[in-house]
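Numbering (the working numbering), first residue to last: -18 to 272.
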C-alpha cells in the first residue's frame, strides 16, 4: 500500500483587527426635536445681537434665564431671505448683571422654545464668547452655551476707558488724540506703555495735553530706545485705564487697521493694533532696522 504524505499545514495565523480610526470625527450633534438650531449668532457692534435659524413660524426673542418672562426688545425687520428666520435685537435695555436665554416665541405669543446651538466657535467664530464693548453704556454682552445647548446672553459692566479718536503716524513719531473717561475731564494723565501679561512692567510714559477736552499725546520713537521687540498695551494714568476704540462699527480688529510708525530710516519701529475683539489698544515694538 502506497502512502502519500503531504505537507502539513500550520494553524492559520490570527489576523489582527484593524485599529480604530482615531482621526475620525465624532458624529455631529443635532438639535432635540422641536428646538430650532442657531445658524448664525453674534454681538458684532456691542449693542445688537444678530441671530438666524432655519425658517420656522414665530419670532426670535430673549427671556430671563431660568424660564422667566420674555423681554421686549426693539428688533430690526426680519430678513426676507427665503429659508431663514433672522433678527437683530437691541440689547440696550438689558440690566447689568442679568442673564437671558435665546428663544423662539411661537405665533400668538403663548409659548416660548429654547433655541439650540452647536459649540459657539462653530456658530459665530472663536471670539463669540466676548463681544465688543458698548461704549455708550459701558457694558459688554457675553455669549455662552449651556450643557443643554441653550444660548445664554450675559450683561456685565466694564471698567472706564479712554477712547482713541485718531492716530497719526509720521516719520519718527506718532500722535494720538484720546477722549478721557467720564469724570476725568480736565485731568492730564500720562499715556503708559506696558508689557502684556499678569504682572505688567512699564516700558514708556508720555505726558498728555488737553485740546478742547481731548487729550493729545506725542510719542517720539527715540523714547523707545532700549525697548526689546515685544507685544505691548497702552493705558492711561497710574490707574491703568484701558484705551479703546471710539466706535466699533461692526469691524473686528483686523478690519480696522492702525498705521505703522516708521523711524527716520523708514523702518517700522512700532505697529499699533487692536486686541482680537477690536476693543483695546495694543502694539508690537520692533527692533530698530527691522522690517
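Beta carbons: idealized from backbone N, C-alpha and C, even for Gly.
Reduced DSSP secondary structure (H/G/I, E/B, other) of residue i
i, result
"residue 163", "coil"
"residue 102", "helix"
"residue 245", "coil"
"residue 179", "coil"
"residue 205", "helix"
"residue 147", "strand"
"residue 129", "coil"
"residue -14", "Reliability of the predicted coordinates at residue -14 is poor, the pLDDT of 45 falling under 50, and the value obtained from them is presented with this limitation in mind. Three-state result, residue -14: coil."
"residue 69", "strand"
"residue 239", "coil"
"residue 55", "coil"
"residue 301", "This structure cannot settle anything about residue 301, because the visible part of the chain is limited to -18 through 272."
"residue 195", "strand"
"residue 45", "strand"
"residue 11", "coil"
Bridge partners - residue i, DSSP secondary structure assignment
i, result
"residue 222", "217"
"residue 23", "31"
"residue 120", "115 and 138"
"residue 185", "174"
"residue 264", "213 and 253"
"residue 86", "40 and 93"
"residue 155", "150 and 200"
"residue 6", "None; residue 6 has no bridge partner."
Cβ separation of residue i and residue j, assumed to be a contact under 8 Å, to the nearest whole Å
i, j, result
"residue 216", "residue 160", "With a Cβ gap of about 15 Å, residue 216 and residue 160 do not count as contacting."
"residue 77", "residue 11", "Not a contact, Cβ separation roughly 35 Å."
"residue 213", "residue 184", "6 Å"
"residue 209", "residue 156", "With 8 Å as the limit, residue 209 and residue 156 do not qualify as a contact, their Cβ atoms being about 24 Å apart."
"residue 120", "residue 139", "6 Å"
"residue 39", "residue 86", "5 Å"
Contact under 7 Å by Cβ, residue i with residue j
i, j, result
"residue 158", "residue 147", "yes"
"residue 37", "residue 66", "yes"
"residue 168", "residue 186", "no"
"residue 95", "residue 84", "yes"
"residue 254", "residue 144", "no"
"residue 27", "residue 113", "yes"
"residue 34", "residue 52", "no"
"residue 267", "residue 242", "no"
"residue 188", "residue 182", "no"
"residue 97", "residue 130", "yes"
"residue 54", "residue 70", "yes"
"residue 133", "residue 82", "yes"
"residue 202", "residue 244", "yes"
"residue 127", "residue 101", "no"
"residue 32", "residue 43", "no"
"residue 319", "residue 80", "For the chain, the structure presents residues -18 to 272; residue 319 sits outside this window and is missing."
"residue 30", "residue 99", "no"
"residue 264", "residue 251", "yes"
"residue 238", "residue 150", "no"
The ligand MG heavy atom lying under 6 Å from the CB of residue i
i, result
"residue 92", "Among the components modelled here there is no ligand, and therefore nothing to report on the ligand MG."
Neighbour flag for residue i against chain C, beta carbons, 7 Å
i, result
"residue 176", "This model lacks chain C altogether; it includes just one protein chain."
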